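First the structure, in the form of structure tokens, and then the observations on it.
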Amino acid sequence: MKNVKTFFIKTYGCQMNELDTDVMAGMLKNRGLFQVADENDADLLIFNTCSIRDLAERKAMGKIGRLGRMKNRDAVIGVTGCMANAKKESLFNKLPHIDFVLGTNNIHDLNNVLDDVLATKTQINRTDGRFEHEIDYLGASREDKVKAHVSIIRGCDKFCTYCVVPYTRGPEVSRSPQSILEEVKQLTQNGYKEITLLGQNVNSYGKDTPETNCLFHDLLYQLDKIPGLERIRFMTSHPIDISTELMTAVRDLPSLCEFVHFPLQSGSARILRKMHRMYNPEQYMEKVLQFKEIHPAVVLGTDIIVGFPTETDEEFEMTFNAVKEIRYGVGFFFAYSPRKGTPAIRWQDDISEEVKQVRLQRLSKLQDEISKEQRSDMLDTTVEVLVEKISIKEDHMLKGRTRCWKNVIFPGTPDLIGTLQRVRIHSYSHQTLIGKIVN
Ligand code: SF4
């Protein structure tokens with residue numbers, strides 16, 4: 000193996016993985032390595048993988064497998080992320096050319112593992128079941144200079160029957176409030192205006208650490224006091240843990256955006272039971288109504304899975320009608336795909352791909368119509384926009400988001416990036432509001 004001077008990281012999956020990539024990139028840069036955009040220029044290749052959907056896993060396996068067949072040079076190859084946790088050393092059988100497997104709970108150990116690989120020239124697997132270490136988030140190498148992700152809890156204890164996360168990422172482990180506050184203070188001092196608190200279920204924050212006496216809403220109240228922090232978002236949530244205190248915090252804390260991820264998954268009580276979601280449609284709806292009563296301006300986002308084993312047409316209609324009634328601001332719709340290692344794998348994946356696609360398209364069309372009506376309702380209103388970047392599609396236009404996660408473009412100069420602007424909406428396109436800055 001030659002001397003390792005450059006590295007390339009490919010990230011699959013969610014924001015948690017993106018943040019883990021930033022942390023690993025920071026560690027490697029601190030070690031003196033240079034990040035390259037072309038994998039062919041790299042001495043070290045890391046694939047930060049995802050196991051949530053079969054497609055994500057097949058993509059990563061295919062990509063890494065192809066590298067092995069082409070491997071006529073001595074780059075070090077590592078696999079990290081959920082696939083590493085799920086498959087552990089068995090990955091060496093499928094991908095004999097890789098050099099290390101590093102679990103999501105072990106990324107703090109990346110440099111040691113790399114040293115061991117280089118010194119011993121043997122394959123190394125480091126995949127702990129439980130997360131027990133403080134990661135160097137302050138050293139993360141972040142591309143975005145306006146918005147930052149901040150991890151507050153890792154793992155999940157909910158065990159939804161379709162999901163691999165509790166098995167790949169392990170049980171919930173909350174980070175200490177002091178360490179989160181310190182990181183957010185530093186990010187804010189460095190000019191970041193918006194932070195998104197990340198976790199598989201952020202609403203569970205602090206339940207595993209009663210000694211800190213700091214639950215999720217308590218943390219939000221402390222973060223809101225940080226001078227210069229304009230916006231706080233969080234994802235993802237489990238409806239069962241969305242408390243009255245959290246709803247009140249969304250209403251009362253100026254920096255906390257009134258856009259909340261509130262994933263329904265299905266509108267059928269039987270399917271929700273089969274999914275082990277721990278609520279039924281009535282309980283979910285009660286919380287939605289309570290939230291809208293406490294804070295009428297709140298906008299909700301959802302995830303829905305269609306074609307869960309045995310889902311009938313009538314049960315899908317229940318989901319469709321719930322989406323119609325609740326009128327989410329954003330909807331992410333997925334076709335069920337069985338995942339090895341989950342309880343749902345024991346049920347036959349009996350809904351055909353064709354039916355799943357029809358159900359998906361009906362939901363997407365419905366959400367498009369709802370979103371279009373919502374954009375239309377915003378005509379001639381003035382919204383607060385955090386300016387994020389130059390629009391790549393339109394000349395001399397800037398792009399940003401409202402507090403409720405709507406895309407807005409408007410004329411402006413790059414010096415406004417990172418500032419909050421008031422923008423008057425005069426028109427809209429398929430996905431975007433179009434406006435003009437007002438003083
Ligand atoms: S709440 Fe359910 S879907 Fe979300 S990470 Fe946990 S087990 Fe998976």
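The sequence shown begins at 0 in numbering that gives the first Met the number 0 and counts up one residue at a time.
Even glycine gets a Cβ: it sits at the ideal position worked out from N, Cα and C.
All of these numbers come straight from a predicted model, not from anything done at the bench.
By Cβ distance, which residues of its chain are closer than 6 Å to residue i, with the 5 residues on each side in sequence left out?
i	result
S50	E56, C81, M82, A85, V163, T167
W346	P308
D53	S336
S173	I152, Y204, G205, D207, T208
K146	E193
Using a Cβ-Cβ cutoff of less than 7 Å, which residues in the same chain neighbour residue i once the five nearest sequence positions on both sides are dropped?
i	result
I239	M277, Y278
D349	P308, T309
I270	F307, E310, E314
P337	A343, I344, D348
R374	Y427, L432
V112	F99, L101, I123, R125
Q199	G154, C155, V164, R168, T235
S254	D223, L228, E229, R230, I231
D520	A question about residue 520 goes unanswered here, because the residues of the chain that appear run from 0 up to 438.
T121	none
R326	I369
Between the Cα of residue i and the Cα atoms of the options, which residue gives the shortest distance?
i	options	result
E372	F333, V386, V329	V329
E142	G411, L288, A24	A24
A334	P308, G61, P342	P308
C403	N110, S370, H395, I293	S370
R230	T418, I8, E171, D207	T418
T235	I293, K291, I270, R153	R153
Y136	Q420, T412, N29	N29
K339	Q14, E281, P165	P165
P280	N111, F215, G266, L397	G266
C213	G190, Q282, Q177, G198	Q177
C159	A118, I63, R272, C256	R272
D251	D108, G67, D37, Y220	Y220
E210	S175, R65, V201	S175
C384	R326, I424, Q366	In the sequence as displayed, the identity of residue 384 is Val instead of Cys. Checking every option, the nearest Cα to that of V384 belongs to I424.
W27	C13, L90, I106	The amino acid at residue 27 is misidentified as Trp; the sequence shows Leu. That would be I106, whose Cα lies nearest to the Cα of L27.
P95	G64, Q289, A118	G64
H294	A41, V357, T243, Q282	T243
Q264	C256, E257, F258, M284	M284
I416	V386, N406, R400	V386
T119	V75, K87, D127, K157	V75
M274	L299, D42, H237	H237
L66	K93, T401, L186	K93
Shorter than 7 Å, the distance from the beta carbon of residue i to the closest heavy atom of ligand 1, or not?
i	result
H237	yes
C155	yes
N200	yes
V164	yes
C159	yes
What are the boundary residues of the beta strand (DSSP E) that includes residue i?
i	result
Y427	419 to 427
E353	Where E353 is concerned, there is no enclosing beta strand (DSSP E), although the alpha helix (DSSP H) it sits in stretches over 352 to 376.
V22	Segment 14 to 29 is the alpha helix (DSSP H) holding V22; no beta strand (DSSP E) there.
K388	381 to 389
D394	Unbroken run through D394: none, as it is neither H nor E.
A334	329 to 334
H260	258 to 260
Any idea if residue i is buried or exposed, counting beta-carbon neighbours within 10 angstroms, 16 or more meaning buried?
i	result
A296	exposed
F6	buried
A248	buried
S203	buried
F409	buried
A139	buried
L246	Strictly speaking, residue 246 in this sequence is Met, with Leu absent from that position. Buried is the call here.
D394	exposed
V437	exposed
H515	Limits of the chain in this structure are 0 at one end and 438 at the other, which puts residue 515 out of reach.
I45	buried
G434	buried
K405	buried
Leaving out five residues before and five after residue i in sequence, what residues of the same chain have Cβ atoms less than 8 Å from its Cβ?
i	result
V183	V149, I194, L222, I225, L228
F33	K4, T5, F6
L362	I303, V305, T318, F319, V322, G330, F332
P413	I389, L397
G355	The sequence given here places Lys at residue 355; Gly does not occur at that position. Closer than 8 Å at Cβ, skipping near neighbours: V305, G306, A334, Y335.
E292	none
How is the alpha helix (DSSP H) around residue i delimited, first residue to last?
i	result
F319	312 to 325
F91	90 to 93
M234	Not the alpha helix (DSSP H): M234 falls in the beta strand (DSSP E), residues 230 to 234.
G138	Counting along the chain, G138 falls outside any alpha helix (DSSP H), and DSSP gives it neither H nor E.
S178	176 to 188
N84	81 to 86
R57	53 to 69
Output yes if chain C places a C-beta closer than 8 Å to the C-beta of residue i; else output no.
i	result
D135	Considering every chain present, this structure includes no chain C. It has just one protein chain.
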